[in-house]
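Down below is the structure, laid out as structure tokens.
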Amino acid sequence: MGIVTRGFGGRREVDPDVPPGQYVTDDFPVLSTGPTPNVDEDRWSLEVRTETGETRRWDWSALLALPAEDVTTDIHCVTHWSKLGTTWRGVSVDTLLADVETSADFVMAHSFGGYTTNVPLEDLTDGRAWIAYEFEGEPLDPVHGGPARLLVPHLYFWKSAKWVRELELMTTEDLGFWEVNGYHAYGDPWLEQRYA
Amino acid sequence: MTPWLAATVVGTRALTAASRTLVLAVPGFQGARPGQHVDVRLTAPDGYQASRSYSLAATGTDERVELAVAAVPDGEVSPYLVEVARPGDVMEVRGPLGGYFVWDPADPSPVLLVAGGSGVVPLVAMLRARAAAGSGTPFLLVLSVRTRADVMFADELSDPGDGVTVRRVVTREADGDRPAGRLGAADLDATGFGPDDAPAVFVCGPTGFVEHAATMLTGLGHPAARVRTERFGGTS
Ligand SMILES: Cc1cc2nc3c(=O)[nH]c(=O)nc-3n(C[C@H](O)[C@H](O)[C@H](O)COP(=O)(O)OP(=O)(O)OC[C@H]3O[C@@H](n4cnc5c(N)ncnc54)[C@H](O)[C@@H]3O)c2cc1C
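Chain order of the listed sequences is G and S.
Residue numbers 1 to 196, in the working numbering, belong to the letters of the first sequence in order.
Residue numbers 1 to 236, in the working numbering, belong to the letters of the second sequence in order.
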């Protein structure tokens, strides 16, 4: 027996581009666990660390020197908003991993400020994830993760770690910050994988 | 996966002209901690559903959920909850959710609470949990509202108990000696709640308010790791 809420009509049309339980907003709400860390570009760097401890590191100018891609995509936040047709510019994670030897299946993204989130490696490869540094044609605002954030648009947006500083390759799955705090380990918006 | 639970409205009470408390009976709901929230889902007769998150205004009573909702103009869900729902109506609730924006009554640190508008709701849950625990932990609540009439839980906050101070910041009209104006660093600076006192800091409200308050708090010297935030959305 389904529940029907008396007196509630709802006012939005169902849009096939919008996952269940989401509503479309034109705003870009901010969700993070604490204050925005302000990371200067000259302090910024990104590291990829393999399961054997090998590392590769890019500072800001090295990141900008890598081939960039323009990405148009929808984003879906676990707090129920979706934003359609957002545009980003950044470096594909495939490019960063091109010369990296690994047999890891999992990645922990680490951010300036201490945030972490876990993602299967295959979800970051094959053109599905980027290190993004521009949003809608402008440098990425610090409140939205600037100077650079991970962008994994096919998963709930908490996986797109703001202020990213390291991708740690792991052979076993560890849970990140929200995932330890009751959110789903994978986070597919189309399956409504919000909570564990 | 936390399941959706059937919830029946058992009571409503006006808080301000545009907000009210809803008490729901939710069989199977248990174990919430102060600061946590639930998702509320409404279903229209044609099957269309909308869900939003709402903080728990009280914790401790299993199978009962108390929400306090402010109507956002032109909103889809909040005007329904504030103006339409009445006892006997059914909806669904999932939770409790969120394990980070939570006050632990066993933590002896002083507590600095900073709320914008309806952001006071989870902080009221913390004040109530403090009272229920018989805790003497010093609390300061800095509450920013547009006008004096917009204070939710005004009666309860006018007599918050020993060791609890409430500081009101009114942004759109003068309030006693304080001229109208948005929250400033001086409003957040108080003896016993400075960085040296290492308070646990909880900031909640509309996104823009939380950014503004959290930036001032870290500017005053509170370490970022001590400042927990909950952003309700919206741009104001
Ligand atoms: C963890 C969490 C806890 C929350 N707890 C509470 C609570 O205890 N009490 C409460 O009243 N609300 C709370 N909220 C906000 C709530 O979830 C809804 O966002 C709010 O009720 C508006 O929903 P709506 O469907 O009426 O408006 P929508 O139809 O979603 O939005 C209509 C318009 O209002 C804007 N808007 C959306 N939310 C807000 C906002 N909060 N302030 C200003 N403008 C906004 C939107 O951008 C949009 O333009 C909480 C949010 C989160 C994420």
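The beta-carbon is built from N, C-alpha and C at its ideal position, and this holds for glycine as well.
All of these numbers come straight from a predicted model, not from anything done at the bench.
key: Spatially closest choice to VAL38(S) from VAL203(S), ALA6(S), VAL170(S), by CA coordinates   = For the purposes of this step, residue 38(S) is identified with residue 38 of the second sequence, where counting begins at 1. Looking from the CA of VAL38(S), the closest CA among VAL203(S), ALA6(S), VAL170(S) belongs to ALA6(S).
key: For ALA55(G), the three-state DSSP class (helix, strand or coil)   = Numbered from its first residue, the first sequence carries residue 55(G) at position 55. Rather than Ala, the amino acid found at residue 55(G) in this sequence is Thr. Strand at THR55(G).
task = Sort VAL91(G), LEU46(G), LYS83(G) by Cα distance to PRO67(G) and report the nearest one.
result = Here residue 67(G) is taken as the residue at index 67 of the first sequence, counted from 1. Nearest of VAL91(G), LEU46(G), LYS83(G) to PRO67(G), Cα basis: VAL91(G).
message = Considering Cα atoms alone, identify which of PHE202(S), PRO223(S), GLY95(S), GLU83(S) is closest to ALA17(S).
response = Within the second sequence, residue 17(S) is the residue found at index 17, counting from 1. Looking at the Cα atoms, GLU83(S) is the closest of the given residues.
request  = Tell me whether GLY146(G) counts as near ligand 3, meaning its Cβ is closer than 8 Å to at least one heavy atom of that ligand.
outcome  = Here the bound small molecules are ligand 1; ligand 3 is not part of this structure.
query = Within this structure, are the beta carbons of ALA58(S) and ARG128(S) separated by less than 9 Å?
reply = The residue labelled residue 58(S) in the question sits at position 58 within the second sequence. The residue labelled residue 128(S) in the question sits at position 128 within the second sequence. Against a cut-off of 9 Å, the Cβ pair of ARG128(S) and ALA58(S) comes out as a contact.
Classification of SER236(S) by the beta-carbon crowding that lies within 10 angstroms, buried from 16 upward = By 1-based counting over the second sequence, the position of residue 236(S) is 236. Any reading at SER236(S) must be qualified, since the residue scores a pLDDT of 42, below 50, and its modelled position is unreliable; no value is offered.
query = At a Cβ threshold of 9 Å, is ASP222(G) touching chain S?
reply = Shown here, chain G extends from 1 to 196; a query on residue 222(G) therefore has no answer.
query = Relative to ligand 1, is the shortest distance from any of its heavy atoms to the C-beta of TYR54(S) smaller than 8 Å?
reply = Reading the second sequence from its first residue, position 54 is the one you call residue 54(S). Yes, the beta carbon of TYR54(S) sits closer than 8 Å to at least one heavy atom of ligand 1.
ask   = Is the Cβ-Cβ distance between VAL120(S) and LEU141(S) less than 9 Å?
value = As a first step, residue 120(S) is located in the second sequence; it is residue number 120 there, counting from the start. As a first step, residue 141(S) is located in the second sequence; it is residue number 141 there, counting from the start. Against a cut-off of 9 Å, the Cβ pair of LEU141(S) and VAL120(S) comes out as a contact.
query = Checking contacts by CB at 9 Å: is ARG63(S) closer than that to chain G?
reply = Translated into the one-based positions of the second sequence, residue 63(S) becomes position 63. With the sequence shown as reference, residue 63(S) is identified as Glu, and Arg is not the correct amino acid for it. GLU63(S) does not count as touching chain G.
task = Tell me whether PRO223(S) is buried or exposed, calling it buried when 16 or more other Cβ atoms sit within 10 Å of its Cβ.
result = Taking the first residue of the second sequence as position 1, residue 223(S) is located at position 223. Under this definition PRO223(S) is an exposed residue.
Within chain G, the residues that PRO45(S) reaches when beta carbons sit closer than 7 Å = As a working note, residue 45(S) is residue 45 in the second sequence. Neighbours of PRO45(S) on chain G, chain order: VAL4.
task = Consider the C-beta atom of GLU83(S) and the heavy atoms of ligand 1; say whether any pair is separated by less than 8 Å.
result = Residue numbering aside, residue 83(S) sits at position 83 when the second sequence is read from its first letter. GLU83(S) has its CB no nearer than 8 Å to any heavy atom of ligand 1.
request  = Please list, in chain order, all residues of the same chain as ARG130(S) whose beta carbon is under 7 Å from its beta carbon, the five residues on each side excluded.
outcome  = Here residue 130(S) refers to the residue found at position 130 when the second sequence is read from its first residue. Taking C-beta separations shorter than 7 Å and ignoring five residues to either side along the sequence, the partners of ARG130(S) in its chain run PRO105, THR137, PHE139, following chain order.
task = Let me know if MET1(G) comes out buried or exposed under the rule of 16 or more other beta-carbons within 10 Å of its beta-carbon.
result = For the purposes of this step, residue 1(G) is identified with residue 1 of the first sequence, where counting begins at 1. Confidence at MET1(G) is low in this model, with a pLDDT of 48, below 50, so the placement of that residue is unreliable and no value is reported for it.
query = Taking three-plus beta-carbon pairs below 8 Å as touching, is the stretch 108-117 of chain S in contact with the stretch 30-44 of chain S?
reply = No contact exists between the stretch 108-117 of chain S and the stretch 30-44 of chain S.
Neighbouring residues, chain S, relative to LEU31(G) (Cβ below 7 Å) = Locating residue 31(G) in the first sequence gives position 31, where the first residue counts as 1. Contact of LEU31(G) with chain S by beta-carbon distance below 7 Å involves ARG231.
query = Would the C-beta of THR52(G) count as close to ligand 1, meaning under 8 Å from any of its heavy atoms?
reply = For the purposes of this step, residue 52(G) is taken as residue 52 along the first sequence, with counting starting at 1. Not so, every heavy atom of ligand 1 lies at least 8 Å from the Cβ.
ask   = Among GLY98(S), PRO87(S), ARG94(S), which one has its Cα closest to the Cα of GLU7(G)?
value = Reading the first sequence from its first residue, position 7 is the one you call residue 7(G). The amino acid at residue 7(G) is misidentified as Glu; the sequence shows Gly. Ranking the options by Cα distance to GLY7(G), first place goes to PRO87(S).
task = Just the chain S side, please: which residues come within less than 8 Å of TRP81(G) by C-beta, in chain order?
result = Here the question's residue 81(G) lines up with position 81 in the first sequence. In chain order: GLY233.
task = Tell me whether LYS159(G) sits in a helix, a strand or coil according to DSSP, three-state version.
result = Looking up residue 159(G) in the first sequence gives position 159. In the structure shown, LYS159(G) sits in a helix (DSSP, three-state: H, G or I).
THR165(S) burial status per 10 Å Cβ neighbour count (16 or more: buried) = To locate residue 165(S), count along the second sequence from 1; it is residue 165. THR165(S) comes out exposed.
query = What did DSSP end up calling THR165(S) once you bin it into helix, strand or coil?
reply = What you label residue 165(S) is simply residue 165 of the second sequence in a count that begins at 1. Under the three-state reduction of DSSP output, THR165(S) falls in the strand class.
key: Where TYR53(S) meets chain G, residues with beta-carbon distance less than 8 Å   = Counted from its first residue, the second sequence places residue 53(S) at position 53. It should be pointed out that residue 53(S) corresponds to Ser in this sequence rather than to Tyr. Those are THR79, HIS80, listed as they occur along chain G.
query = Quick one, which residues of the stretch 196-215 of chain S are near chain G if we go by CB-CB under 7 Å, in chain order?
reply = So the close ones are THR207, GLU211, ALA214, THR215.
request  = Since I believe VAL203(S) is in contact with ALA190(S) (beta carbons under 8 Å), could you give me their beta-carbon distance rounded to a whole number of angstroms?
outcome  = Here residue 190(S) is taken as the residue at index 190 of the second sequence, counted from 1. Here residue 203(S) is taken as the residue at index 203 of the second sequence, counted from 1. Not quite, the Cβ-Cβ distance comes to about 15 Å (not below 8 Å), so this is no contact.
Own chain partners of LEU96(G) with C-beta closer than 8 Å, once the 5 adjacent residues on each side are dropped = Position 96 of the first sequence, counted from the start, is the residue given in the question as residue 96(G). These residues qualify, in order along the chain: LEU46, VAL48, ARG56, TRP58, LEU66, ILE131, LEU167.
ask   = Any heavy atom of ligand 1 within a distance shorter than 8 Å of the CB on GLY98(S)?
value = Indexing the second sequence from 1 puts residue 98(S) at position 98. Because some heavy atom of ligand 1 lies under 8 Å away, the Cβ of GLY98(S) counts as near it: yes.
query = For ASP89(S) and chain G, any beta-carbon pair shorter than 9 Å?
reply = Position 89 of the second sequence, counting from 1, holds the residue named residue 89(S). Chain G contact via Cβ: present.
key: Backbone CA spacing between PRO179(S) and ARG148(S) [nearest angstrom]   = The sequence position of residue 179(S) within the second sequence is 179, counting from 1. The sequence position of residue 148(S) within the second sequence is 148, counting from 1. Rounded to whole angstroms, PRO179(S) to ARG148(S) spans 12 Å at the Cα level.
query = Within 8 Å: the Cβ of VAL39(G) and any heavy atom of ligand 1?
reply = Residue mapping note: residue 39(G) aligns to position 39 of the first sequence, counting from 1. Flag unset: Cβ of VAL39(G) not near ligand 1.
key: Residues near TRP60(G) in its chain [Cβ-Cβ closer than 6 Å; skip 5 each side]   = Along the first sequence, one-based indexing puts residue 60(G) at 60. If the five residues before and after TRP60(G) are omitted, its C-beta is found closer than 6 Å to the C-beta atoms of GLU41, TRP44, all from its own chain and listed in chain order.
request  = Note down the Cα distance separating GLU156(S) from ALA125(S), rounded to an integer number of angstroms.
outcome  = Residue mapping note: residue 156(S) aligns to position 156 of the second sequence, counting from 1. Residue mapping note: residue 125(S) aligns to position 125 of the second sequence, counting from 1. Here the alpha carbons of ALA125(S) and GLU156(S) stand approximately 12 Å from one another.
message = Suppose you measure from the CA of ASP162(S) to the CA of ALA132(S); what does that come to, to the nearest Å?
response = Indexing the second sequence from 1 puts residue 162(S) at position 162. Indexing the second sequence from 1 puts residue 132(S) at position 132. Between ASP162(S) and ALA132(S), the C-alpha separation is close to 13 Å.
Boundaries of the alpha helix (DSSP H) in which ARG130(S) is found, first to last residue = Counting from one through the second sequence, the residue named residue 130(S) turns up at place 130. Note, ARG130(S): alpha helix (DSSP H), 120-132.
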